[in-house]
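Peer 1: There's a structure below that I have some questions on.
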Amino acid sequence: MAAAFLGLLTFASPTTAQEFPAAKRPAVEASFQGWLTSAVLPAARKAGVSERAVSEAFAGVTLDWSLPDLAPPGAPKHQGPQRQPEFSDPARYVAEANFAGLIPEGRKRLAADARAFAEAERRYGVPKEIVAAIWARESRYGSVPIRGDAIRNLATQSFMGARKERFFPELIAALKILDGDHLTRAEMKSSWAGAMGQPQFLPSKFLENAVDLDGDGRRDIWRSNADSIGSIAHYMQVHGWAKGRPWGVEASVPAAVSCTLEGPDQGLTLGEWRRLGVRRVDGDELPGEAGRKTFLLAPAGRAGPMFIVSENFYAIKQYNESDLYALFVAHLADRYGQGGPLRAGWHAAAKGFDRADVAAMQLRLQKRGYDVGKPDGLVGFRTRVAIGRWQEAGGLPPTCWPDAETVRSAGR
Numbered sequence: 001m002a003a004a005f006l007g008l009l010t011f012a013s014p015t016t017a018q019e020f021p022a023a024k025r026p027a028v029e030a031s032f033q034g035w036l037t038s039a040v041l042p043a044a045r046k047a048g049v050s051e052r053a054v055s056e057a058f059a060g061v062t063l064d065w066s067l068p069d070l071a072p073p074g075a076p077k078h079q080g081p082q083r084q085p086e087f088s089d090p091a092r093y094v095a096e097a098n099f100a101g102l103i104p105e106g107r108k109r110l111a112a113d114a115r116a117f118a119e120a121e122r123r124y125g126v127p128k129e130i131v132a133a134i135w136a137r138e139s140r141y142g143s144v145p146i147r148g149d150a151i152r153n154l155a156t157q158s159f160m161g162a163r164k165e166r167f168f169p170e171l172i173a174a175l176k177i178l179d180g181d182h183l184t185r186a187e188m189k190s191s192w193a194g195a196m197g198q199p200q201f202l203p204s205k206f207l208e209n210a211v212d213l214d215g216d217g218r219r220d221i222w223r224s225n226a227d228s229i230g231s232i233a234h235y236m237q238v239h240g241w242a243k244g245r246p247w248g249v250e251a252s253v254p255a256a257v258s259c260t261l262e263g264p265d266q267g268l269t270l271g272e273w274r275r276l277g278v279r280r281v282d283g284d285e286l287p288g289e290a291g292r293k294t295f296l297l298a299p300a301g302r303a304g305p306m307f308i309v310s311e312n313f314y315a316i317k318q319y320n321e322s323d324l325y326a327l328f329v330a331h332l333a334d335r336y337g338q339g340g341p342l343r344a345g346w347h348a349a350a351k352g353f354d355r356a357d358v359a360a361m362q363l364r365l366q367k368r369g370y371d372v373g374k375p376d377g378l379v380g381f382r383t384r385v386a387i388g389r390w391q392e393a394g395g396l397p398p399t400c401w402p403d404a405e406t407v408r409s410a411g412r
C-alpha cells in the first residue's frame, strides 16, 4: 500500500466492535450522523468540496461494524491492534514459491499492456518491470477483487477507529476525489483501510499521484490498466526514482565487512565496496561507476542474502516502508527478464522467542543508547544494526540478527 501508516494496522483485531452490544448501536449511529454534519461537512467545505458532493457521498451511509481496529464510543478502552504473536522469518516473504505464478502472469501483462508501460516509462523514467512488480504486489495485476466502500470504510474509521486522527484527512481527501474526478461513490472501492484501486492508493496519494494515462479524462485506477500503470510510475518518479539506475544486486560480503554498515544513512561508494572485497554473488565485480554511493542491505543480517543497493531501492520503500516488500518488488522485476532466484540461502529461522520478546529486547537496547527505530517487535535495519553494534561492543562477531540467546541477553 502506498502509505506508511497502513503497515501499523496489518494485524488489527475486530473483536472490540463486534462485541459491542447491539442494543447500544443505534445511539452510536445517531451520534455518527450528527458528526457527519458537525465535523465532516465543515472540514469538507474548508477543503473546497461542494455540499452537493458531501450530500451524495453520505446518502444512506451507516457505520460498518465489521471493520477491524475500531473503538466505539462507550466501549472498553481500546488496547491497540492485536498483532501477530509469532516472529516471522523473512524467508517466508520472499520464498521462491511466492514468485512462481507472478512471473509468467507479469510477462503476459507486460506484453498485453506494452503501449501503456512504454508510455509510462517514457514520461516518468521508471522501468516497466518495476511498475509491473508493484502492480503485482498490490493487486496481482488488478485481478484481486476490491469490494469495500471507500467512503463508508473511511467514515467508520474516522468516527470510531482506534486511529481516527490518521483516517480523517483521508476521508476529506476521498470527498475531494468524488467532487473533482467525476467518480461515483459506488465506483470508489477500497480495502478496509481506504487503500483504493489496483495500485492501492490512499485518497491523499491518489490526489498527488494518480494520472490519466489513457487520455479519457478520468483518473481511473479501478478499471483502467493504463491509468493504474501510469499512476504507479508517477508515484515512483515523485518519490525519488533515479532514471537509468538499477535498484541493486545480490552481493557476496566478506566476513570482515561488518553488517553494521547497513542502511540508507551510511553507504559507501562502489569503489570503496570493491576495495573491501564486496562482489556480486556470482563473483563478478559490482557494476557501476566507482564514485557512485551505494548501500548495504542485509534483511536477515548475516543469516540471509545481502545486497548492494542504490537509492532506487529506497524509492521503492516509499511505496511501502518494509525492506522485504521492496526486495520482493525489486527481485520480481528482475525475474521478468533473465534474473534467476536469489543465490544465498536464508538461515534466519526464529525459535524460542516471539515478537513481544523482540520488542522487549529493542527497549533494552534503546535504553542503552542504541537506535532501534520503533520498538515494535519487527527487525528493521536500525534494529539489525543496533544488534550488530551491541554484539561488537561485547566482543562478539556481529550477526545483525536475533536468535533466542541474543533476544534474551541483548541490552542487559
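In UniProt numbering, the protein residues as written are 1 to 412. C-beta atoms are modelled at their ideal positions from N, C-alpha and C, and glycine is treated no differently. For clarity, every value in this text was computed on a predicted model and none was experimentally measured.
Hey, would you say H347 sits closer than 8 Å to G388, going by beta carbons?
Peer 2: Position 347 of the sequence shown, counted from the start, is the residue given in the question as residue 347. Position 388 of the sequence shown, counted from the start, is the residue given in the question as residue 388. The answer is no: Cβ separation not under 8 Å.
Peer 1: Please state the DSSP three-state secondary structure of A43.
Peer 2: Translated into positions along the sequence shown, residue 43 becomes position 43. Here A43 sits in helix by DSSP.
Peer 1: What residue range does the beta strand (DSSP E) around F307 cover?
Peer 2: Here residue 307 refers to the residue found at position 307 of the sequence shown. Counting along the chain, the beta strand (DSSP E) containing F307 begins and ends at M306 to V309.
Peer 1: Are the beta-carbon atoms belonging to A333 and P90 less than 8 Å from one another?
Peer 2: Locating residue 333 in the sequence shown gives position 333, counting from the first residue. Locating residue 90 in the sequence shown gives position 90, counting from the first residue. Contact flag unset, no.
Peer 1: Output the boundary residues of the beta strand (DSSP E) element that contains L297.
Peer 2: As a first step, residue 297 is located in the sequence shown; it is residue number 297 there, counting from the start. Membership of L297 in the beta strand (DSSP E) is indicated by the continuous run K293 to L297.
Peer 1: Tell me, to the nearest whole angstrom, how far the beta carbon of C400 is from that of R302; I am working on the premise that it is less than 8 Å.
Peer 2: Residue mapping note: residue 400 aligns to position 400 of the sequence shown, counting from 1. Residue mapping note: residue 302 aligns to position 302 of the sequence shown, counting from 1. About 6 Å; that satisfies the 8 Å criterion.
Peer 1: Using the three-state DSSP reduction, which class does S224 fall into: helix, strand or coil?
Peer 2: Position 224 of the sequence shown, counted from the start, is the residue given in the question as residue 224. In this structure, S224 counts as coil in the three-state DSSP scheme.
Peer 1: Span of the beta strand (DSSP E) holding G248?
Peer 2: Position 248 of the sequence shown, counting from 1, holds the residue named residue 248. From DSSP, the beta strand (DSSP E) with G248 extends over G248 to S252.
Peer 1: K189 bridges to which residues according to DSSP?
Peer 2: As a position in the sequence shown, residue 189 is number 189, starting the count at 1. DSSP lists D149 as partners of K189.
Peer 1: Given S224, which residues of its chain have a CB within under 8 Å of its CB, disregarding the five upstream and five downstream residues?
Peer 2: As a working note, residue 224 is residue 224 in the sequence shown. These residues qualify, in order along the chain: L213, D214, D216 and R218.
Peer 1: Do L270 and A290 come within 8 Å of each other at the CB atom, strictly closer than that value?
Peer 2: Sequence index remark: in the sequence shown, residue 290 carries index 290 (1-based). Sequence index remark: in the sequence shown, residue 270 carries index 270 (1-based). Taking 8 Å as the Cβ cut-off, A290 and L270 qualify as a contacting pair.
Peer 1: Going by Cα to Cα distance, which pick from G395, L365 and L378 is closest to G411?
Peer 2: Translated into the one-based positions of the sequence shown, residue 411 becomes position 411. For the residues G395, L365 and L378, the minimum Cα distance to G411 belongs to L365.
Peer 1: Please classify A44: is it buried, with 16 or more other beta-carbons within 10 angstroms of its beta-carbon, or exposed?
Peer 2: The residue labelled residue 44 in the question sits at position 44 within the sequence shown. Counting Cβ neighbours within 10 Å, A44 comes out buried, since at least 16 surround it.
Peer 1: Assign L175 to one of two classes, buried (16 or more other C-beta atoms within 10 Å of its C-beta) or exposed (fewer than that).
Peer 2: By one-based count along the sequence shown, residue 175 stands at place 175. Taking all protein chains shown into account, L175 has 16 or more neighbouring C-beta atoms within 10 Å of its C-beta and is therefore buried.
Peer 1: Tell me whether G283 is buried or exposed, calling it buried when 16 or more other Cβ atoms sit within 10 Å of its Cβ.
Peer 2: Along the sequence shown, one-based indexing puts residue 283 at 283. So G283 counts as exposed.
Peer 1: Does the structure place the region 240–249 close enough to the region 303–319 that three or more beta carbon pairs sit under 8 Å?
Peer 2: yes
Peer 1: Roughly how many angstroms lie between the CA atoms of G80 and R166, to the nearest whole one?
Peer 2: The count along the sequence shown starts at 1 and reaches residue 80 at position 80. The count along the sequence shown starts at 1 and reaches residue 166 at position 166. Unreliable positioning characterises G80 in this predicted model, as indicated by a pLDDT of 48, which lies under 50. The coordinate reading is nonetheless provided below. In a straight line, the C-alpha of G80 is about 14 Å away from that of R166.
Peer 1: Let me confirm a value: L396 is counted as buried when at least 16 other C-beta atoms fall within 10 Å, else exposed. Which label applies?
Peer 2: Counting from 1 along the sequence shown, the entry for residue 396 is found at position 396. The residue in question, L396, is exposed, as its Cβ has fewer than 16 Cβ neighbours within 10 Å.
Peer 1: What separation, rounded to the nearest whole angstrom, lies between the Cα atoms of V61 and A359?
Peer 2: Reading the sequence shown from its first residue, position 61 is the one you call residue 61. Reading the sequence shown from its first residue, position 359 is the one you call residue 359. Straight-line Cα distance between these residues: approximately 40 Å.
Peer 1: Can you check DSSP and say which residues form a bridge with G161?
Peer 2: What you label residue 161 is simply residue 161 of the sequence shown in a count that begins at 1. Beta-bridge pairing links G161 to L70.
Peer 1: From S143 to A256, what does the alpha carbon distance come to, in whole angstroms?
Peer 2: For the purposes of this step, residue 143 is identified with residue 143 of the sequence shown, where counting begins at 1. For the purposes of this step, residue 256 is identified with residue 256 of the sequence shown, where counting begins at 1. Approximately 46 Å, taken between the alpha carbons.
Peer 1: Looking only at C-alpha atoms, which of S258, A22, P264 and G373 sits nearest to A393?
Peer 2: Here residue 393 refers to the residue found at position 393 of the sequence shown. Closest by alpha carbon: S258.
Peer 1: Have a look at R275 and R335 and give me their C-alpha separation to the nearest angstrom.
Peer 2: As a first step, residue 275 must be located in the sequence shown, where it is residue number 275. As a first step, residue 335 must be located in the sequence shown, where it is residue number 335. C-alpha separation (whole angstroms): 29 Å.
Peer 1: Apply the 10 Å Cβ neighbour rule to E119 and answer buried if 16 or more other Cβ atoms are within range, or exposed otherwise.
Peer 2: In the sequence shown, counting from the first residue as 1, residue 119 sits at position 119. Burial call: buried.
Peer 1: Over the uninterrupted alpha helix (DSSP H) stretch that includes G271, give me the two end residues.
Peer 2: As a position in the sequence shown, residue 271 is number 271, starting the count at 1. L270 to R275 is the extent of the alpha helix (DSSP H) around G271.
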